[in-house]
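K.L.:
Handing you a structure now.
In full-length UniProt numbering, the protein residues as written are 1 to 389.
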């Protein structure tokens with residue numbers, strides 16, 4: 001645990017097979033003997049009984065708000081895992097938080113984003129603010145959720161967070177709010193500090209080949225690229241194997257290593273191709289890919305991904321005037337699948353933690369949120385970092 005004159009952050013983890021006990025032990029390690037907690041953040045695999053995890057955390061939290069989500073794996077500065085529970089606790093009199101849970105994410109994504117962001121209106125005046133967001137990672141229009149938050153907040157409040165990871169066997173994913181584990185929902189945490197928030201994001205992907213015009217897209221789909229069916233244009237450009245044209249599973253495996261890239265005013269952003277509609281020959285993309293814009297094919301080496309993690313941490317920490325009390329990190333599960341084949345995964349965690357032992361809590365996500373200006377802030381294949389002091 002580290003602390004300034006008034007604020008502090010601690011991290012705990014447990015691999016106890018009893019879900020309630022794991023929650024209790026991880027929360028106890030994160031909170032320590034401090035009695036002025038303001039927020040507890042929980043990351044856990046959806047194979048756990050997450051309601052039981054929250055019961056355990058609640059025995060330590062008391063009335064402190066508890067938020068978080070399910071994961072595709074968790075990590076701390078000590079390393080990464082699949083079946084544990086990670087808890088981060090933030091506290092001190094210089095920190096205020098307001099939380100909200102709103103359901104119906106797939107049916108009305110923009111409205112849910114707008115409603116959930118309204119919790120910011122209850123914050124005290126003064127200080128610096130940011131909004132932490134946890135979204136069901138199976139949402140089909142994740143970008144619309146952030147547009148809804150912008151409808152409420154404008155560009156005045158930075159956004160940071162991630163989309164809940166799902167269990168590969170059951171497909172289940174949940175966001176966590178106080179004692180509830182809820183699907184198809186969004187959790188927001190409006191935060192005000194007398195200190196500072198630093199946000200960093202990186203992906204490491206570069207572009208390959210010439211740009212491709214998006215001639216028809218919308219609602220989480222790309223229907224046409226260069227006036228041709230998007231699926232066929234994408235696969236043809238990549239010289240894809242024949243089975244990727246006709247087998248959804250073969251396509252998904254192939255697309256995991258071949259994201260798209262779009263250009264924003266803030267730089268290039270990577271877009272996950274999450275699937276294909278073989279009947280309409282469309283590509284499925286949970287993040288917005290604007291019609292009339294251009295996309296590029298993208299690739300990266302493992303070293304590129306590691307450098308991006310270090311960049312994101314440095315960017316977040318250097319936004320603070322002094323040392324960070326702690327870090328929350330939101331790391332794409334697709335990056336993990338690339339790095340997990342070798343020692344790269346442990347190296348990435350070391351780069352995120354840094355050499356100074358700053359407390360780190362994070363999870364592998366199905367979409368990353370990092371916005372310091374403008375409307376957009378949804379990323380794929382990225383690592384996003386929040387630093388606090």
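Where is the CB? At the ideal position from N, CA and C, for every residue including glycine. All values reported here derive from a predicted model rather than from experimental measurement.
Can you tell me whether residue 229 is buried or exposed? The criterion is at least 16 other CB atoms within 10 Å of its CB, across all chains shown.
P.N.:
Residue 229 should be labelled buried.
K.L.:
Which same chain residues, not among the five before or five after residue 346, have their C-beta less than 8 Å away from its C-beta?
P.N.:
Excluding residues within five positions, the ones whose Cβ falls inside 8 Å are 79, 80.
K.L.:
Under 7 Å, do residue 40 and residue 89 count as touching if we go by C-beta distance?
P.N.:
Their beta carbons are under 7 Å apart, which means residue 40 touches residue 89 by this criterion.
K.L.:
Can you list, in chain order, the residues of its chain whose CB lies under 6 Å from that of residue 27, leaving out five sequence neighbours each side?
P.N.:
Counting only Cβ-Cβ distances below 6 Å, and skipping sequence neighbours, we find 57, 60, 87.
K.L.:
With a cut-off of 8 Å, do at least 3 Cβ pairs link the stretch 177-194 to the stretch 364-382?
P.N.:
Too few Cβ pairs lie closer than 8 Å, so no.
K.L.:
Rounded C-beta distance between residue 112 and residue 97? I'm assuming under 8 Å.
P.N.:
At roughly 20 Å, the Cβ-Cβ gap does not stay under 8 Å, so residue 112 and residue 97 are not in contact.
K.L.:
Quick check on residue 285: does DSSP put it in helix, strand or coil?
P.N.:
Residue 285: coil per DSSP, three-state reduction.
K.L.:
Could you name the residues of the same chain whose beta carbon sits closer than 6 Å to that of residue 353, not counting the 5 residues immediately before and after it, in chain order?
P.N.:
Once the five neighbours on either side are set aside, the close Cβ partners of residue 353 are 77, 360.
K.L.:
Quick check: what's the CA-CA separation for residue 49 versus residue 170?
P.N.:
One C-alpha to the other measures close to 13 Å.
K.L.:
Just to confirm the assignment, what range does the alpha helix (DSSP H) spanning residue 134 have?
P.N.:
Run containing residue 134: none in the alpha helix (DSSP H); it sits in the beta strand (DSSP E), 128-136.
K.L.:
Use the C-beta contact count for residue 318: other C-beta atoms within 10 angstroms, 16 or more gives buried, fewer gives exposed.
P.N.:
Residue 318 should be labelled exposed.
K.L.:
Going along the chain, which residues of its own chain have a beta-carbon closer than 7 Å to the beta-carbon of residue 219, five neighbours each way excluded?
P.N.:
So the qualifying residues of the chain are 141.
K.L.:
Name the residue from 136, 157, 155 whose alpha carbon lies nearest to the alpha carbon of residue 164.
P.N.:
Of the candidates 136, 157, 155, the one whose C-alpha sits nearest the C-alpha of residue 164 is 136.
K.L.:
Where does residue 278 land, buried or exposed, given buried means 16+ other C-beta within 10 angstroms?
P.N.:
Exposed, because fewer than 16 other Cβ atoms sit within 10 Å of the Cβ of residue 278.
K.L.:
Enumerated in chain order, which unbroken segments of the alpha helix (DSSP H) with a length of 4 residues or greater are wholly contained in the UniProt domain "FIST C-domain" (230-372)?
P.N.:
Here the runs fully enclosed are 230-237, 248-256, 302-318, 333-339, 344-353.
K.L.:
Provide the residue(s) that pair with residue 379 in DSSP beta bridges, ordered along the chain.
P.N.:
According to DSSP, which records beta bridges pairwise, residue 379 is partnered with 368.
K.L.:
Quick check: the stretch 7-25 against the stretch 313-330, are at least 3 beta-carbon pairs closer than 8 Å?
P.N.:
Contact between the stretch 313-330 and the stretch 7-25 is present, because at least three Cβ pairs lie under 8 Å.
K.L.:
Assign residue 269 to one of two classes, buried (16 or more other C-beta atoms within 10 Å of its C-beta) or exposed (fewer than that).
P.N.:
Counting Cβ neighbours within 10 Å, residue 269 comes out buried, since at least 16 surround it.
K.L.:
When DSSP labels each residue in this structure, what does residue 155 get in the three-state scheme?
P.N.:
In the structure shown, residue 155 sits in coil (DSSP, three-state: anything other than H, G, I, E or B).
K.L.:
Just how far apart, CA to CA, sit residue 252 and residue 84?
P.N.:
Between residue 252 and residue 84, the C-alpha separation is close to 27 Å.
K.L.:
Which same chain residues end up closer than 7 Å to residue 227 when comparing Cβ atoms and leaving out the 5 residues on each side of it in sequence?
P.N.:
Around residue 227: 215.
K.L.:
Is residue 28 helix, strand or coil when you go by DSSP?
P.N.:
Looking at residue 28 - three-state DSSP - the assignment turns out to be helix.
K.L.:
Can you tell me whether residue 380 is buried or exposed? The criterion is at least 16 other CB atoms within 10 Å of its CB, across all chains shown.
P.N.:
Under this definition residue 380 is a buried residue.
K.L.:
Check the C-beta distance from residue 198 over to residue 316 and give it rounded, since I have them as a contact under 8 Å.
P.N.:
So it is a contact: roughly 4 Å between Cβ atoms.
K.L.:
Which of the three DSSP states is assigned to residue 87 in this structure?
P.N.:
Strand at residue 87.
K.L.:
Report yes if the CB atom of residue 178 is closer than 7 Å to the CB atom of residue 66, and no otherwise.
P.N.:
Cβ distance < 7 Å, so residue 178 and residue 66 count as in contact.
K.L.:
Reducing DSSP to helix, strand and coil, say where residue 211 ends up.
P.N.:
Strand at residue 211.
K.L.:
What are the boundary residues of the alpha helix (DSSP H) that includes residue 176?
P.N.:
No alpha helix (DSSP H) contains residue 176, which is instead part of the beta strand (DSSP E) from 175-177.
K.L.:
Go ahead and label residue 331 buried or exposed: buried means 16 or more other beta carbons lie within 10 angstroms of its beta carbon, across all protein chains shown.
P.N.:
Buried.
K.L.:
So, do the stretch 201-217 and the stretch 114-128 have three or more beta carbon pairs nearer to each other than 8 Å?
P.N.:
No, because fewer than three Cβ pairs between the stretch 201-217 and the stretch 114-128 fall closer than 8 Å, the two stretches do not touch.
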